[in-house]
Structures are given as structure tokens and as C-alpha cells.
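Okay, structure first, notes after.
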Amino acid sequence: MKRYRGDGVIVFFILLLLVISYCFFYTNKPVNSARQIVILQNGIVIKTIYLPQRSKEEMVLSDGAKENVLLVENDRVQITSANCPDQLCKKFGWIQAVGQQIACIPHRLLIRIEGQDGLDGILY
Amino acid sequence: MEFYIKTDSNGKPHLALQGLLLAMALILYALESMFEWVMPVPGAKLGLANLVSLYTLMTLGFKISLKILLLRVVLASIFFGKIFSVSFYISLGAGLASLCVMALVKRYCSGKVSAIGISLLGATSHNIMQLFIASMVLETGYIFNFLPILVVLSLPTGFFNGIIVEMMLKQRNVLDRG
Chain D
62 MKRYRGDGVI VFFILLLLVI SYCFFYTNKP VNSARQIVIL QNGIVIKTIY
112 LPQRSKEEMV LSDGAKENVL LVENDRVQIT SANCPDQLCK KFGWIQAVGQ
162 QIACIPHRLL IRIEGQDGLD GILY
Chain F
363 MEFYIKTDSN GKPHLALQGL LLAMALILYA LESMFEWVMP VPGAKLGLAN
413 LVSLYTLMTL GFKISLKILL LRVVLASIFF GKIFSVSFYI SLGAGLASLC
463 VMALVKRYCS GKVSAIGISL LGATSHNIMQ LFIASMVLET GYIFNFLPIL
513 VVLSLPTGFF NGIIVEMMLK QRNVLDRG
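Which chain is which? The protein sequence lines are D and F, in order.
If you're matching positions, the first sequence starts at 62 in the working numbering and goes up one per residue.
If you're matching positions, the second sequence starts at 363 in the working numbering and goes up one per residue.
Here it is in C-alpha cells:
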């Protein structure tokens with residue numbers, strides 16, 4: 062049974078990593094506040110869209126020959142088409158909760174939903 | 363721990379055995395590519411091919427498992443038309459990191475950990491390296507918030523691989539009959 066004692070230590074550290082990373086990324090969600098879509102390409106914020114949007118809106122994100130078509134509807138967002146080789150970004154589907162992300166690694170694109178901390182909401 | 367392995371006339375592991383292991387790794391890779399749709403995160407794979415890396419590491423040592431891993435990643439990328447794409451570099455880097463971590467644990471904690479612990483640690487380090495390379499490409503660390511879900515998804519396969527390898531090691535010469 063001695064061989065399995067080290068396994069317990071390994072499992073403990075993996076679970077610790079899991080709990081710490083979960084707390085680090087997911088517990089400081091602002092509840093009931095307005096959300097925004099933040100689009101990063103090459104590590105730079107190229108666009109911020111405040112939610113909810115009243116109408117369905119399609120937008121093309123292009124960086125040279127790299128193109129991703131984004132569909133924003135009410136309070137959620139999806140990539141509908143892209144010319145990247147793996148087409149994985151389309152498979153993420155709709156995202157709407159704070160912390161959810163769509164990544165298109167070949168196009169160096171990351172779309173994430175953030176809560177607006179510091180603001181109670183925006184009046185239009 | 364010494365394991366009996368079929369050796370050639372020079373006392374080295376038989377080339378046919380290494381070829382067989384490589385073929386099995388490629389089959390498992392093809393199999394897990396077919397089951398990509400079960401994973402809730404797009405692009406995530408089950409990690410069954412690590413079974414062969416782990417078994418090779420435990421029986422034939424680091425050098426041969428490194429050779430089989432490199433050949434598996436390169437050949438699989440050629441077969442699936444992904445060679446030199448971003449996903450190729452991600453699986454290469456993550457595979458190397460995972461194998462190195464497993465080899466280090468086996469080298470320095472031998473007798474204290476079984477194949478199950480080594481497999482789980484390999485799976486977790488694969489996830490971390492994968493996201494690290496992705497964050498380098500995207501130039502943002504935000505991608506790391508996929509870490510908890512990826513680790514959770516990797517634990518069942520890691521555990522399964524560990525148990526299978528542990529059972530194979532108990533059979534000792536499972537690949538040596540005939």
C-alpha cells in the first residue's frame with residue numbers, strides 16, 4: 062500500500078490547484094451588474110460592447126486576412142463564421158455569463174464577458 | 363523495479379515492440395479525435411494517447427518514450443493535416459512538458475507513487491502547458507480561466523490511464539508473449 066501514499070499527495074495538490082484556480086477566476090463575479098463583451102486581438106482590446114444590445118447585430122472582426130464574424134443578440138454572443146483552419150471558435154456556441162470566453166487561437170482572438178465593476182449600470 | 367522486456371541481440375528493446383507502441387499511440391489518438399464532441403470545451407481531447415507514453419516510460423524508460431511521443435505527435439499532425447499549425451505546437455509542447463514531469467516524478471519518487479499518481483500529474487501538467495502556450499500566442503493570460511474545467515475533464519482519463527498501466531505492469535510481460 063506504500064506505493065499509493067504518494068498518489069494521495071499528488072491528488073491533494075491537484076485538488077488544491079483546482080480550488081485555488083477556481084476561486085481566483087470565478088469567485089469575484091459582480092452579481093446583478095451590467096456586463097460587457099471585451100474583444101482582444103493580439104493581446105490588445107480592440108472592441109468593447111455593452112450588454113444588453115437591443116437588436117441582433119453582426120460584425121466582422123478582421124485583422125489582415127483573418128476574419129471572424131460575430132453575432133451579438135440581446136445579452137449573448139457567438140462566432141458564426143471564421144476563416145481559421147480549425148473552426149473551433151464556432152463550436153464554443155453562445156456565451157453570456159461573466160467569465161465565459163471564446164478563443165480563436167490561430168487568429169489570436171479572445172472574446173470574453175466581463176462584469177462592469179465600479180458601475181451600477183448605464184442609462185441610455 | 364525491473365521489468366522483463368523482449369530485447370534484441372544487442373540487449374536493446376526490440377524495434378518491433380517500439381513500432382507496436384507507436385502504432386497503438388496513433389490508434390488511440392485517432393480514437394480520441396473521433397470523440398472530441400463529448401468534451402464541453404472545443405478542441406479538448408480525452409488524453410487516451412498518454413496511456414502509451416506512460417506505459418513506455420514505466421517499462422522502456424524516458425528516451426524511448428520521448429521518441430514515441432515525438433513520432434506520435436508529428437505523424438498524427440501529418441495524418442490530420444495540422445502540421446506546423448498552432449495546435450501542433452500546443453500538443454507538442456504540452457506533450458513534452460507532461461512527459462518530462464512524469465519522468466521526473468518516476469525518477470525521484472520511485473516506490474512512493476504508482477502509475478495512477480504519475481498519470482494524474484502528467485495530465486495536469488499537460489493542461490497547464492497547453493494553456494501557457496495558448497496564452498503566449500494570444501498574448502493575454504485570460505485564457506487561464508479554462509484551467510479549472512480542463513483539469514476536471516482530464517482527471518477521469520488520467521485516472522483510467524493510471525489504472526490500466528498499473529494493471530499492465532502487474533502482468534509484467536503482457537506485450538512479450540508469442
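Positions of the beta carbon are idealized from the N, C-alpha and C atoms, including for glycine.
It should be emphasised that the depicted structure is a prediction, and the values quoted were computed from it without experimental measurement.
By the C-beta density criterion, residue 124 of chain D is exposed, having fewer than 16 other C-beta atoms within 10 angstroms. Around the beta-carbon of residue 153 of chain D, 16 or more other beta-carbon atoms lie within 10 Å, marking it buried. When rounded, the separation of the alpha-carbon atoms in residue 64 of chain D and residue 140 of chain D is 48 angstroms.
With fewer than 16 neighbouring CB atoms inside 10 Å of its own CB, residue 109 of chain D falls in the exposed class. Flagged as an interface residue toward chain F: residue 82 of chain D, by a C-beta distance shorter than 8 angstroms. By a beta-carbon distance limit of 8 angstroms, residue 481 of chain F does not contact residue 457 of chain F. Their separation comes to about 14 angstroms.
Proximity of residue 459 of chain F to chain D, defined by a Cβ-Cβ separation below 8 angstroms, is not satisfied. Within its own chain, the residues whose Cβ lies closer than 7 angstroms to the Cβ of residue 171 of chain D, once the five positions on either side in sequence are excluded, are 101, 162, 164, listed in chain order.
Considering only F/412, F/477, F/392, the residue with the shortest C-alpha distance to residue 531 of chain F is F/477. Going by C-alpha positions, residue 509 of chain F is about 11 angstroms away from residue 84 of chain D. In the three-state scheme derived from DSSP, where H, G and I count as helix and E and B as strand, residue 378 of chain F is classed as helix. The C-beta distance from residue 526 of chain F to residue 454 of chain F rounds to 24 angstroms, too long to meet the 8 angstroms contact threshold.
The Cβ atoms of residue 77 of chain D and residue 513 of chain F lie no closer than 8 angstroms to each other.
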